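Below: one structure, written as structure tokens.
In our numbering, the protein residues as written are 4 to 110.
In structure tokens:
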């Protein structure tokens, strides 16, 4: 697949923000759990600062949306756990097959 179909591209544009929001919510819950730990406040503060700095670079948080990179972005989001294969249910069979092949999920 060189270019995604118009319908897959439109669907991707509609879903990427929701996927990111869901992933960021997961991160926030992880941060909250960490902040409730018994570690000293200074340790929690500096570790959380490092973690947020690292997480900001994750495509689940920040991604440049591009039609030409859509397939690879979906594969990357799948590999790092931002989305699951079930999140692709509304996409074309061609796109799902390409994603499965390139992500190593196909049999």
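Virtual Cβ for every residue (Gly too), placed ideally from N, Cα, C.
A quick note: this is a predicted structure, and the numbers were derived from the prediction, not measured.
Enclosing alpha helix (DSSP H) for residue i [first to last residue]
i          : result
residue 48 : 44-58
residue 70 : Neither: residue 70 is in no alpha helix (DSSP H) and is coded neither H nor E.
residue 25 : 9-38
residue 98 : 96-106
Neighbourhood of residue i by C-beta distance below 8 Å, restricted to the same chain and skipping five residues each side
i           : result
residue 110 : With a pLDDT of only 47 at residue 110, under 50, the local geometry of the prediction cannot be trusted, and the value read off the model is given with reservation. Excluding sequence neighbours, residue 110 sits near nothing in its chain.
residue 43  : none
residue 10  : 95
residue 62  : 76, 79, 80, 83 and 85
Own chain partners of residue i with C-beta closer than 7 Å, once the 5 adjacent residues on each side are dropped
i           : result
residue 106 : 78, 81 and 82
residue 14  : 93 and 94
Residue of the options minimising C-alpha distance to residue i
i          : options           : result
residue 34 : 14, 20, 57 and 12 : 57
residue 8  : 85, 108 and 74    : 74
residue 50 : 37, 59, 60 and 69 : 37
residue 87 : 18, 67 and 68     : 18
Contact between the region 21-40 and the region 95-102 (3+ Cβ pairs under 8 Å): no
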